[in-house]
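K.L.:
If you count the sequence shown from 1, position 340 lands on 340 in the working numbering, and the numbers rise without skipping.
Below are the structure tokens for one structure; questions will follow.
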Amino acid sequence: MSSGVSLVAITIIASNLLRIVSTIILTRVLSPADFGVAGLTGAILNILLMISDVGFGVYIIRHARGDDPHLLDIIWTVRLARGLALTLLLATCAGPLAQALDKPMLQVAIAVTALHFLIDGCSSLAPFTTIRQERLLMLSLLDIVSAVSQTVAGIALALLLHSYWAIILAGLVGTALKSLLSYLLFPGAGRRLAYDEQEVRDLWRFGRTIASAHTIQVLLSNVDKIALSRIFPLSLFGLYSLASNLSSAASGFTTLYPNRILLPAFARALRDEPANLARIYYASRRKLTLLYMVAMGGFISMGPAVVDLLYDPRYQAAATYLQLLALAPAIAMNNYAAREILIVVGRVQALLYANLVRLGWLLSAGSAGFLLFGPIGLVAAVGGIELPVQCYCWYELRRAGLLRMGEEALIIMALLLGMGFGLMGNVLYFMLKAP
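Set out below in structure tokens:
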């Protein structure tokens, strides 16, 4: 497991370094409005992708026949059909959607962005089977190479075009290369068209709860962008998108680590040592989780220093957004670990219920925050969206006989400790910078 953690850590560090280098350069070549366009088209992509996701990867990882070529052919065919359908749907609706967002000039950009779905649908399923087999080296290489290609393409196109098209086209380049490499890097990754009605029904029975949960989750994670895109001019929305992008640097770890490391490890523990599942749940991730929470606490408190260090003065207002939004990926680390163990023990419905908790929070706290404090109140509610989910996860873990409150308290203390260190670091940074 330690080698897998190291590979995930290397992947995240490399991806985030590329993200930082890219944004440092792009913010000096492109305008905040360009980032606003890229953020809005990205939100639209994410909404459609998540709403239509029935958990292909999780289904393969936990299925008893997850390595069966015929089953993989069927899943690949369904996934390809979904990609084609989404591309046609978004390209057709690009005009009305741009009008609904009060951004008619973005029709062509939205239509071109739709190609992501088809390109991604053509990719192989090898990344999922590799996670199932806990062989992550080539998967990490795939992530890093595609990220490098997208970064280089984005910088080159930005220097050439000086517009948001650089970000959109670079995204297509990265997706295309990742799709190609998903075949070249993994022996036997080729698939062919296949269909079996019973297998598709089984996939849907498993995935409909996940699809419902993802529908709520994607609305929750993007409603701020959709709402603020109508309230803010593109230049101000660009600052928000930049802060959201920077805060999501940590989200890469909260997604990859639970999915690639914890999920298969928990599934193996349930098969081999079911009586020790609670101990393994905490012991297998204790050190890394505590380090992550300390780091995230520091990152939250040092938001102003981070923005000042990385970007030119046009982007300084993004610091407040960054501090508010970064709380969500900090708390999400623990919630996503709970999600994986609950899926393993058969409580798949907890994924849906957790998102209903998020929905209730956003409707209540988001509405109240917006009415009382304006857009910044909505942003604060989005940043705190994982807090009530943490309480719900504790409830579900207790029902499953897995909860250890001493371990949970230690995780919270690590976050608070990191915030304290971050406050001192932020003050020291501006003291040293002052003339």
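Cβ coordinates follow ideal geometry from the N, Cα and C atoms, glycine included.
1) Is DSSP giving V348 helix, strand or coil here?
2) Measuring alpha carbon to alpha carbon, tell me which residue in Q107, L86 and L141 is nearest G121.
3) Note down the Cα distance separating L246 from L322, rounded to an integer number of angstroms.
4) Tell me which residues share the same chain as L125 and place their Cβ nearer than 6 angstroms to its Cβ, disregarding the 5 neighbours each side in the sequence.
5) Please state whether the Cβ-Cβ distance between I341 and L402 is less than 8 angstroms.
6) Please report how far the alpha carbon of P274 lies from the alpha carbon of Y392, in whole angstroms.
7) Note the first and the last residue of the continuous alpha helix (DSSP H) segment covering Y281.
8) Sort V345, G238, L141 and F253 by Cα distance to L277 and report the nearest one.
9) Once the 5 residues before and after E199 are set aside, which same chain residues still bring their CB inside 6 angstroms of it?
10) Take T23 as the anchor and find which of A153, G384, A400 and I385 has the nearest alpha-carbon.
11) Please determine, among G36, A338 and P96, the residue with the shortest C-alpha to C-alpha distance to L397.
12) Output needed for W361: all residues of its chain with C-beta closer than 6 angstroms, excluding positions within five of it in sequence on either side, in chain order.
13) With a Cβ-Cβ cutoff of 8 angstroms, do A319 and P304 count as a contact?
14) Taking all protein chains shown into account, decide if Q150 is buried (16 or more other Cβ within 10 angstroms of its Cβ) or exposed.
15) Here's a check: name, in chain order, each residue in its chain whose Cβ is nearer than 6 angstroms to the Cβ of L281, leaving out the five neighbours to either side.
16) For the region 405-415 against the region 346-357, are there 3 or more C-beta pairs whose distance is under 8 angstroms?
17) Given that a residue counts as buried once 16 or more other Cβ atoms are within 10 Å of its Cβ, and exposed if not, what is N146?
18) Could you work out which residue in L97, A368 and A330 is closest to F253 when comparing CA atoms only?
19) Identify, in the order they occur along the chain, each residue of the same chain with its Cβ nearer than 6 angstroms to the Cβ of Y336, setting aside the five sequence neighbours on each side.
20) Name the residue from G374, W165 and Y183 whose alpha carbon lies nearest to the alpha carbon of M138.
21) Check for me: the alpha helix (DSSP H) holding M424 runs from which residue to which?
22) Taking the Cβ atom as the reference point for each residue, do L142 and L185 lie within a distance shorter than 8 angstroms?
23) Label A368 either buried or exposed according to how many other C-beta atoms from any shown protein chain fall within 10 Å of its C-beta, with 16 as the threshold for buried.
24) From the DSSP output, in three-state form, read off P69 for me.
25) Identify whether M105 lies in helix, strand or coil by the three-state DSSP scheme.
26) Taking only heavy atoms of the ligand HEM into account, decide whether any of them is closer than 7 angstroms to the Cβ of I44.
27) By Cβ distance below 7 angstroms, which residues in the same chain neighbour V148 in space, the five residues on each side in sequence not counted?
28) Could you give the distance in angstroms between the alpha-carbon of S15 and the alpha-carbon of R268?
29) Hey, would you say M293 sits closer than 8 angstroms to G418, going by beta carbons?
30) Using only alpha-carbon positions, find the residue among R82, F373, P127 and S140 that is nearest to L118.
31) Can you list, in chain order, the residues of its chain with a C-beta nearer than 6 angstroms to that of P32? Leave out the 5 residues immediately preceding and following it.
32) Does the Cβ of G42 have 16 or more other Cβ atoms within 10 Å, making it buried, or fewer, making it exposed?
33) Give me the Cβ distance between V307 and Y315, rounded to the nearest whole Å; I'm assuming they're in contact under 8 angstroms.
34) Among the candidates L169, L291, R230 and S241, whose CA atom is the shortest distance from the CA of L415?
P.N.:
So, from the listed chains and residues:
1) DSSP places V348 in coil when its eight states are reduced to three.
2) Nearest option by C-alpha distance: L86.
3) The alpha-carbon atoms of L246 and L322 are separated by roughly 7 angstroms.
4) In its chain, beyond the 5 residues on either side, L72 and W76 have a beta carbon closer than 6 angstroms to the beta carbon of L125.
5) Their beta carbons are under 8 angstroms apart, which means I341 touches L402 by this criterion.
6) Between P274 and Y392, the C-alpha separation is close to 23 angstroms.
7) That run of the alpha helix (DSSP H) goes L277 to A283.
8) Ranking V345, G238, L141 and F253 by Cα distance to L277 puts V345 first.
9) The answer, listed in chain order, is I74.
10) Taking the Cα of T23 as reference, the smallest distance to any Cα among A153, G384, A400 and I385 is reached at A153.
11) Ranked by Cα distance from L397, the options G36, A338 and P96 are led by A338.
12) Only I385 and P388 meet the Cβ criterion.
13) Their beta carbons are under 8 angstroms apart, which means A319 touches P304 by this criterion.
14) It is buried - the Cβ of Q150 has at least 16 other Cβ atoms within 10 Å.
15) Contrary to the premise, residue 281 reads as Tyr rather than Leu in this sequence. Within the same chain, Y281 has close Cβ partners I341 and L402.
16) No, the region 405-415 is not in contact with the region 346-357.
17) With the sequence shown as reference, residue 146 is identified as Ser, and Asn is not the correct amino acid for it. Buried: at least 16 other Cβ atoms inside 10 Å.
18) Out of L97, A368 and A330, A330 has the C-alpha closest to the C-alpha of F253.
19) Sequence-distant partners of Y336 (beyond 5 residues in either direction) whose C-beta falls short of 6 angstroms from its own C-beta, in its chain, are T254 and P258.
20) The residue from G374, W165 and Y183 with its alpha-carbon nearest to that of M138 is Y183.
21) M424 -> alpha helix (DSSP H) spans M405 to K433.
22) Cβ distance < 8 angstroms, so L142 and L185 count as in contact.
23) Sixteen is the threshold: since fewer than 16 other Cβ atoms of the shown chains lie within 10 Å of the Cβ of A368, the residue is exposed.
24) P69 sits in a helix when the DSSP states are folded into three classes.
25) M105 falls in the helix class under three-state DSSP.
26) Within the structure as shown, the ligand HEM is missing, as the structure has no ligands at all.
27) Closer than 7 angstroms at the Cβ level, and outside the excluded window around V148, lie L18.
28) So the alpha carbons of these two residues sit roughly 29 angstroms apart.
29) Yes, they are a contact pair.
30) Closest option to L118, Cα to Cα, is R82.
31) Contacts found: S235, G238 and L239.
32) Classification of G42: buried, given that the 10 Å Cβ count is 16 or more.
33) Rounded, the Cβ-Cβ distance is 6 angstroms, consistent with contact.
34) Of the candidates L169, L291, R230 and S241, the residue whose Cα lies closest to the Cα of L415 is L291.
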